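Worksheet: the structure to be examined is printed underneath.
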Amino acid sequence: MARIIVVTSGKGGVGKTTSSAAIGLGLALKGHKVVLIDFDIGLRNLDLIMGCERRVVYDFVNVINGEATLNQALIKDKRVSSLSILPASQTRDKDALNKENVGKVLAELGESYDFIVCDSPAGIEAGAMMALYYADEAVVTTNPEVSSVRDSDRILGMLASRSRRAELGLEPIKEHLLLTRYSPKRVEEGEMLSVEDVEDILSIPLLGVIPESQAVLKASNAGEPVILDTESDAGQAYQDVIERLLGETVDFRFLQAEKKGIFSRLFGG
Amino acid sequence: MALLDYFLRKKGKQVTTASKAKERLQIIVAHERNSRNKQPDYLPQLTEDILKVLRKYIKVSDESFSINLDKKEGDLNVLELNIELHDEHKTS
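So the protein lines, in turn, are chains A and B. Add 492 to a position in the first sequence, counting from 1, and you land on the number used in my numbering. Add 3 to a position in the second sequence, counting from 1, and you land on the number used in my numbering.
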């Protein structure tokens, strides 16, 4: 049985696609068979972040409509052979997806993959509901900022009431908090909610803290998920996320601002 | 002037914007959680009253009556009443 993980947030622009790409690739690098699905019908972007935008021939909606087989639509990652990407369609309307046909596709994928990572669209409309409906686990991507935290809480409500697990009265979706764009320096200065603050408010277990990092933009510019940038703080923080998803206990890093030298402390700069 | 700033900051321990943010979030999140988890306070009394009115006209047993407040998409709430009518009541 594949583990179905939805990467969700409510709010847009918090790092869902960046995180989906990093998590998908990171799990595949560990030798697992992974498929990454873009649920953002009409606004696909996972292909760009993964660097496979030129190789899209068929998409998720083509598969749903029977115009292509899954094998025709899946794009094999060039870096890691155990990773495939199922792109969203760019043109079709988002009502193409429903519980029944999405369930069929996931069941078919579940036969040959260990992990199915669903990159959710922003919002709480049909597309986002479809992305979370079949999930076993949810990575709730949150920025340390008021609107993102509030929207994450809305999504937690949806996970608890609108998912398949909720409807069937099964064990609830396992929730993980992924705090992204974290700036320890601003936290120390009292300008940004701290990890503890966000944990207090949302009260779900912490999966990872990704520091605000220039590496993320560079990675998306190049179409190379940031987890491949093993030198960068963000890349390393995503590595830790993968370890934790696989059941390891790893200390949290990048929570403290870099210590300034005594001179810059005294004289500014 | 970093040195000066440092002492000034320590002295006047002002409320940071982050702690304001946390406080505001705790309040609004608690409020929103309540409204999505809890049936409203007036529901038991409303049920009583509706039953009272119904019983002026028809026989309704407690089992043949149900009331449910459902949250739908967005801000839409639906109050759903289910009343089972038996044949004898139809004419009365």
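Cβ coordinates follow ideal geometry from the N, Cα and C atoms, glycine included. Bear in mind the structure is a predicted one, so any value in this text is a computation, not a measurement.
DSSP links Lys568/A through a beta bridge to Ser576/A.
With distances taken between CA atoms, Ser22/B lies nearest to Glu680/A out of Glu680/A, Ala714/A, Gly619/A. When DSSP states are grouped into helix, strand and coil, Lys666/A belongs to the strand group. The beta carbons of Ser639/A and Leu624/A sit about 20 Å from each other, so the pair does not count as a contact at 8 Å.
Against Lys62/B, chain A offers no close residue; the least beta-carbon distance is about 35 Å (beta-carbon pairs closer than 9 Å). The way I'd put it, the region 666-676 of chain A does touch the region 622-637 of chain A; three or more beta-carbon pairs between them come closer than 8 Å. Under the criterion of beta carbons closer than 8 Å, Ser511/A and Val632/A do not qualify as touching, at roughly 10 Å. For Pro703/A, the enclosing beta strand (DSSP E) starts and ends at 698-703. Interface criterion met: the Cβ of Leu685/A is under 7 Å from a Cβ in chain B. With fewer than three CB-CB distances shorter than 8 Å, the region 511-524 of chain A does not count as touching the region 553-560 of chain A. Within the region 503-533 of chain A, the complete alpha helix (DSSP H) segments at least 4 residues long are 508-521, listed from N- to C-terminus. For Phe552/A, there is no enclosing beta strand (DSSP E); the residue is part of the alpha helix (DSSP H) that begins and ends at 552-556. With fewer than 16 neighbouring CB atoms inside 10 Å of its own CB, Asp52/B falls in the exposed class. Going by DSSP, Asp645/A is part of the alpha helix (DSSP H) stretching over 638-653.
The beta carbon of Gly504/A is closer than 6 Å to those of Ala614 in its chain, skipping five residues each way along the sequence. In this structure, Lys677/A lies away from Ala588/A, with their beta-carbon atoms at least 7 Å apart.
Val81/B is outside the set of residues whose beta carbon lies under 7 Å from a beta carbon in chain A. Taken in chain order, the unbroken stretches of beta strand (DSSP E) that lie wholly in the region 576-612 of chain A and span 3 residues or more are 607-611.
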